[in-house]
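In the numbering used here, the protein residues as written are 600 to 782. Each residue gets a CB set at the ideal place from its N, CA and C atoms; glycine is no exception. Down below is the structure, laid out as structure tokens.
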Amino acid sequence: MTQQMSPAQPAARLVGLPPVVGPGTRILVLGSFPGVASLAARQYYGHPQNHFWRILAALWPQHPLPGRDQYAARCDWLLARGLGLWDVYAACERQGSLDASIRNAQVNDFAALNALAPHLAAIAHNGGESFRHAMAVRTRLGLGADAPIASLRLPSTSPANASWSFDRKLSAWGDALANFGLV
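Take a look at the structure:
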């Protein structure tokens with residue numbers, strides 16, 4: 600007797616999170632799209648094994664990071680240090696959390712950032728999928744190749760990026776933020 604395979608369920612259309620930016624944002628950390636845990640929590644980098652918040656807490660030990668249950672306070676903490684958060688994609692279809700599974704993605708409207716973050720000095724791409732869109736992001740911001748806003752490729756803080764140790768990620772992120780006077 601042969602077993603019939605059921606057709607794969609189509610991936611649901613997912614909508615990302617709003618930007619966390621303010622007038623003092625100097626560096627925008629740009630991910631690709633929130634993972635399952637982040638979407639469920641409605642928090643950027645909400646997976647407990649993601650190194651993002653742990654890296655920032657290590658870079659600013661004199662300023663204690665609010666707890667995971669105080670997300671609004673974490674966002675305020677981040678903004679007070681000149682960082683903002685957003686993602687390349689506003690919406691997409693995806694099963695699971697891997698960037699490789701993203702399909703039918705819609706890119707965010709980056710033109711709005713000019714008014715929200717007028718002192719932006721750099722866009723720090725958190726991982727390769729985000730950085731793959733660096734030129735498109737610059738174009739949507741109305742920036743030419745010679746504009747003074749830097750595009751930085753940083754190692755992904757995702758737990759899927761196991762080839763980079765925490766200390767190696769911390770060093771790369773620390774160097775990038777130090778170049779802009781944030782640490």
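Going by C-alpha distance, which of the options is nearest residue i?
{"i": "Gly683", "options": "Ala671, Pro663, Gln648", "result": "Ala671"}
{"i": "Lys768", "options": "Met734, Val687, Thr756, Leu776", "result": "Thr756"}
{"i": "Ile701", "options": "Gly623, Asp708, Leu655, Val635", "result": "Val635"}
{"i": "Arg739", "options": "Arg625, Gln648, Val687", "result": "Val687"}
{"i": "Gly726", "options": "Leu629, Gly621, Arg625", "result": "Leu629"}
{"i": "Trp652", "options": "Ala699, Gly773, Arg625", "result": "Gly773"}
Considering just the uninterrupted stretch of the alpha helix (DSSP H) at residue i, what are its terminal residues?
{"i": "Ser729", "result": "727–730"}
{"i": "Ala671", "result": "670–679"}
{"i": "Arg693", "result": "Per DSSP, Arg693 belongs to no alpha helix (DSSP H) and is neither H nor E."}
{"i": "Val736", "result": "733–739"}
{"i": "Ser750", "result": "Ser750 -> not in any alpha helix (DSSP H); beta strand (DSSP E) instead, spanning 749–753."}
In chain order, what residues of the same chain lie with their CB nearer than 7 Å to the CB of residue i, ignoring the 5 residues before and after it?
{"i": "Gln603", "result": "In this prediction, Gln603 scores a pLDDT of 43, lower than 50, which makes its location untrustworthy; the coordinate-derived value is nonetheless stated afterwards. Excluding residues within five positions, none has a Cβ falling inside 7 Å."}
{"i": "Arg641", "result": "Leu616"}
Measure the alpha-carbon distance for residue i versus residue j and round it to whole angstroms.
{"i": "Ser696", "j": "Pro633", "result": "8 Å"}
{"i": "Met600", "j": "Ala704", "result": "Interpretation of Met600 is limited by its pLDDT of 42, a score under 50 that renders its predicted location unreliable; the figure taken from the coordinates is listed afterwards. When rounded, the distance between both Cα atoms is 41 Å."}
{"i": "Pro617", "j": "Ser637", "result": "12 Å"}
{"i": "Gln669", "j": "Trp676", "result": "10 Å"}
{"i": "Asp708", "j": "Gln661", "result": "35 Å"}
{"i": "Ser605", "j": "Glu728", "result": "Below a pLDDT of 50, predicted positions are generally treated as unreliable, and Ser605, at 41, falls in that range; no measurement from the model is reported."}
For residue i, which residues in the same chain have their Cβ closer than 6 Å to its Cβ, ignoring the five residues on either side in sequence?
{"i": "Cys674", "result": "Val619"}
Would you check if the distance between the CB atom of residue i and the CB atom of residue j is smaller than 8 Å?
{"i": "Ala723", "j": "Leu751", "result": "yes"}
Go through its chain and collect everything with a Cβ distance to residue i's Cβ below 8 Å, but skip five positions before and after it.
{"i": "Gly623", "result": "Leu678, Ala679, Gly681, His718"}
What first and last residue would you give for the beta strand (DSSP E) that runs through residue i?
{"i": "Trp652", "result": "Element bounds for Trp652: not the beta strand (DSSP E) but the alpha helix (DSSP H), 651–658."}
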